[in-house]
Each structure stands twice: as structure tokens, then as C-alpha cells.
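Enquirer:
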Amino acid sequence: MVFDELSRYDPRPIHNTWLVHKCCGPPLWIDATYVCRHWRSTALSCPSLWATFSLCSIDCQREYCSRWGKMVLERAGEKVPLHVHVDFSHVRPGSQAYETLVRNLGRLREMWIDEALTSDLRAMMASSADDLQSSPLMMIESLRVEFQMFDYEQERSTARSTLPFPPNQCPRLRSLSVRTKLVDPDWQSIVALSTNLVSFEFRGILTRFVPGYPDMLRALNSMTALKELRLQPTLAVDPAWDEHKEVIAYLPDLTSLTIITNVNVCLSLLPRLRFDRSKAEISLQLTSPNLESADVEEALTKHVLQRLVALCRDFDDIRRSGENIHQEATSLTGEQEHPDSGSDPLNDIDMTLHSPSFTVLLDKPTRSIGLTIDLSPIHNNRYHHSTTRSIPAFAGLKLTYHARQQHADSAISALVQGLPSFFAYTQTIIAISSAPWPDDLCDVLLGHAPAMRTLQLSGLTREGSRSIFAYLTPRSHNAKDGESHNVLPCPKLRQVTIEGYSVVDGWRDDEGYEDVGEQIWFFAPLIKCIAARRLLGCRIERIVLGVECDVEVYDVDDLRDFLNLEVDWLPHLNLR
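Numbering (the working numbering), first residue to last: 764 to 1339.
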């Protein structure tokens, strides 16, 4: 099929579509090359559109796939920088793909390596040494290496995942990602590449606290130009930590920090990372150290949460002496009692400069719950603080805690008790669930958000959302004078956004809404809730229905007329 001429459209989304279809090989690539005459001629004559591909296709056993891989490389020409993926479990020495890799190392701009061994990388560099007079990786700007578990040619106890690149081999390297399995990385080999790094990611296990943990911090300290840091270390906090308090990583230019680990490791790691907290977006994705044990009490308590948030607040001076740093880090990690422990670390900030939101994710397959507090600055205030003489306390703070579902109440209670000022100003609550929503979770979740204006429900079926709408429905409350009064939960609620509200459950309304019509009977719990709330001054002004809602245009019209409020149907809305 030939579509309209696309030359007048922005080429970037067309380019992205092209990359997806091209990598799939025939016949899907035909859809991309024959979209229109202009784009076909552009695709066939522009080498840069063919510069991103996987070398594994060249050695594929399917003839058409192998032929396609060679054709892509041929159309990329001989001068355009390449962006390639290599899986060393398939690309082995002597194969056509391996020879192609060695021959083109000098023109690689990005390389993603999977299932690598240190010996594979050494052999690759040695094979290219004879072909290239200069450094074989002189052009590389982005490198991601995912190692296998360990090299069976070495002893497990002495094995290291090493990047065998001399210091001057990668002068243009700006982004480095290292992922290991069961074997510690060789941090000295990472330091050799750290001079100009702007982005660094480490995901892996540190089998020994010493020297692994101090070596990691020393390597980070060498990355003086770093702006983006993502750490996902797996290790147990060791008593030997007391012996290495002097190891600190100074990151003066850091603007983005993501840490994915358990609570104990995060409490130990945050004080050792010295950077301007007010200018960096911080994301913590934390689990209990005992997440796999159903009967063990969860690690997140009110005081632990407060220490975590306090560690994300800006320190007075990132250049202070090491001794003072150790004293503050010691107190904040609980090794000594901090004078402010037990108090809300957010009670002194201006919440009107931020947009607090709270997300609850129930995951059915893992039977876990994810709780996220998001304290992002309001963009208007971020750029006009010079006139108001007030600046947001955070460039962005997102803290996610994963626990088992049976510990949901205690985890949410720790959040509510530890950060009462956050929940007092929370305007958006997001509920995402692939599991039935517990009735008792609504009171803990919605009962502590008096300022909530927007409620987003994603993935909840009717059965899963009935308890939420039941909680939002006014109910009688016995006052001290003995009289019964109706109470309006979440009185400031104005918008309800529903994504994934489907009719598949087979549940029908049996509560007297026959006049609503067959088209919208599955919205009965929501209709009943809004009808009851209006008697007490309900302020809901808009309902948004999103993707996977089993509803047609005329259903929306009927729903809009019945409720007499704005109902938007956005078929492509996705809240996740």
C-alpha cells in the first residue's frame, strides 16, 4: 500500500519507525521502505538510516535473515559511524559476524555487548590491533557491557569482570554501562575509562564487601564530569563498613541519580555520595532485604523513611571536611541517634512549589506492592524562582518501596506517619493493579490525602475498583452529640481518570439503575458514588476514560448526559 507523501512531516518519528521495522528484517522492512516514494528513495540513499543493527543477524541460520544483515551493513557504507549490538553467545571467533565486528571497530559510535567474558573482549581487541594503526575504539561514545556469570577458565574466587581497554583507547567515551553476574567487576579497569564519562550505570553483585564496596566508591570519585549515575548493587551490609568511613565519592556536576537496591544498602550509600542535592533529580527504588521471606517483618519504618528522605536533602557544603561528612553520615544512617530523628524531614519546605503525587502498584504475579512518593517541582516555579525568592527543595525526588502485599498496611502507615506534610499536600493518587484491590487498603490510602484533586485508576477491573468507589461514597458518621452526619471523603476531588476499566468481569449492576441503559450499566458503582457525593457538594468535574475501556462513542455520550459533567474518552491514554 502506498500512503500519502510524508516529506512534509517531521522526519524523527518516521526515522524511529524505520529503525524498528528495519531491525525486524523482511518482510516487515518492506512496510518501511515503501511508505512513499520520497521516503523509499531517502531510505535507500541515506547510509545513516542503516547504521543501527545487530551483528547476530549476519550469522543467523535463516538465509533471508543472514542476507538481510549483510545488506544492511552494505547500505550503511564505509564511513558512517555504526551503532551495533553484539551477543557473544552467538558471535564467536571465526564467524562472519565476528570478522565484521573486528573489521569495523574503528567506526563504532555505540556498542551494546551481551553475554561477554573478559577473554572475549581481550580477543576482540587483540584481533583488531593488526588491522588498525590507531586505537580500535577511538570513535566509541557509548558502551554497554553485560558479562556472563564468570569465565570458566579462571578460578571463581579470583575471577573478575574486566574491561580490557587501556586508558587512552576510548578518548570519546561519554556513556558506560557495566552489568555483572555473580562476579565482581574490576573497578580499576573502569577507572581507566572514567575521565570523560557523563553517564555511568552499574548493575551487579558485589560478592565481597571489601574490597568491592570501597573500590566502587573510589571509581565513582574518579568520574569528575559525571552527570547521570544509575546504581543497582546487590550486597549485604557488612560490619567492615566501619573500617572504610573515609571513602567518599564527590560528584559536583551530578544532575540525575538512580539507586535500585535494598533499604540497608541505600542508607549506607547515600551519605557517601557527595553532590548538590538541590540540582539533581533523585530516584530511589528500594526493597526490603527480606522481600523473599513472607514471615519476616518489613524493613521500612517511620524512622528509616525519615532518614532516607533526610539523606536526599541538600547538605550545606559538598566540600566540607571528610571528618564532618563521616559524623553526619554516621548519624543519618542510624549508627548514632540523629537529633532530628522522629521528625518529618519535609515539614520545613514550601509544598506549593512542588506537585506531590502518590502511586500504589499491586502486582498479581509477584504478590508484591510498590509504593511511590513523587515530589517534583512545579515547572513554572522552577524557572521563575528568581522573582518569588523561593526555590523548590528538590529538583525531583521519587522514592519507591517494594514489599509483600501482606505488609502493605504497615508500609503505607510508615509513609503516612513519617511524611505527614507530604500526604497533607498530595494532589494526585494513582492506583495501578493487576490483582484484586483489598477493601482495607482504601482507608489507609485515601483517608490521609485531604488535598487530593485527581484520582487515577489504571488496570483495575470493576471488581477491583468497587471498593475504591465505595470508600468515596458518603457515609454516615456518629458525632459526639449522638447525631448521625454524612461525611464526604476526599472533599477536594475533582477529576477521576480510568484506564483499563473493562466489562470483561461479567458483573452487572443490581442496585436499581435500570434507567441508565445497557450501554453504561458497567459504570454503575461510579455513577452511584457521584450521585451520592453531589448531595454533599461533590466537586468532581471531569471523568477521563482511557485505553482498554470497553466503551463506544455513544456510551460516552449517554454517560455524559446522565452525570451532567465532562466525560472524555481517550482511546490511546496509557497511565503506565
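C-beta atoms are modelled at their ideal positions from N, C-alpha and C, and glycine is treated no differently.
Keep in mind it's a predicted model, so treat the numbers as computed, not measured.
Thinking C-alpha only, which one of K944, P1015, L956, Y1013 is nearest Q995?
Expert: K944
Enquirer: Nearest to I1340 by CA position, among A1171, L1116, Q951, D1113, is which residue?
Expert: Because the chain spans 764 through 1339 in this model, residue 1340 falls outside it and cannot be assessed.
Enquirer: What did DSSP end up calling S858 once you bin it into helix, strand or coil?
Expert: coil
Enquirer: If we call anything under 8 Å between Cβ atoms a contact, is I968 one with L998?
Expert: yes
Enquirer: Can you tell me which residues form a DSSP beta bridge with G1133?
Expert: L1124, H1165
Enquirer: To the nearest angstrom, how far is it from the Cα of R1296 to the Cα of A1073?
Expert: 39 Å
Enquirer: Under a Cβ-count criterion, where at least 16 other Cβ atoms within 10 Å of its own Cβ denotes burial, should D1202 be classed as buried or exposed?
Expert: exposed
Enquirer: Does the Cβ-Cβ distance between W813 and V835 come in under 8 Å?
Expert: With contacts defined as CB atoms closer than 8 Å, W813 and V835 qualify as a contacting pair.
Enquirer: Which same chain residues, not among the five before or five after P1237, have their C-beta less than 8 Å away from its C-beta?
Expert: N1249, V1250, L1251, P1252, A1295, R1296, L1298, L1299
Enquirer: I think S940 touches R907, with their Cβ atoms under 8 Å apart; what is that distance to the nearest whole Å?
Expert: 4 Å
Enquirer: Using C-beta distances below 6 Å, list every residue in its chain close to I1193, excluding the 5 sequence neighbours before and after it, in chain order.
Expert: T1122, Q1219
Enquirer: Can you tell me whether E826 is helix, strand or coil according to DSSP?
Expert: helix
Enquirer: Can you round the beta-carbon distance between R937 and E964 to whole angstroms, since I take them to be within the 8 Å contact cut?
Expert: So it is not a contact: roughly 13 Å between Cβ atoms.
Enquirer: Taking the alpha-carbon of S1347 as reference, which of R870, A1174, D1331 has the nearest alpha-carbon?
Expert: Since the first and last residues shown for the chain are 764 and 1339, residue 1347 lies out of range.
Enquirer: Nearest by alpha-carbon distance to T1071: which of D1331, Q932, Y1013, L1160 is it?
Expert: Strictly speaking, residue 1071 in this sequence is Leu, with Thr absent from that position. Taking L1071 as reference, the option from D1331, Q932, Y1013, L1160 with the minimal CA-CA separation is L1160.
Enquirer: Would you kindly work out how many angstroms separate the C-alpha atoms of A1370 and L1289, rounded to a whole number?
Expert: Lying outside 764 to 1339, the shown extent of the chain, residue 1370 is not represented and no answer is given.
Enquirer: Exposed or buried, D883, counting other C-beta atoms within 10 Å across all chains shown (16 or more means buried)?
Expert: buried
Enquirer: Can you look up N1249 in the DSSP assignment and give me helix, strand or coil?
Expert: strand
Enquirer: If the criterion is Cβ atoms closer than 8 Å, does the pair T1021 and K990 meet it?
Expert: no
Enquirer: DSSP state of N867, grouped into three classes?
Expert: Coil, per DSSP.
Enquirer: Between the alpha carbons of G975 and A1156, how many angstroms are there, rounded?
Expert: 33 Å
Enquirer: Strictly by DSSP, which residues pair up with I1306?
Expert: V1259, V1330
Enquirer: Thinking C-alpha only, which one of V961, R935, M986 is nearest W950?
Expert: Distance check between W950 and each of V961, R935, M986 places M986 closest, using alpha-carbon atoms only.
Enquirer: Return the CA-CA distance between R885 and F816, expressed in angstroms with no decimal places.
Expert: 23 Å
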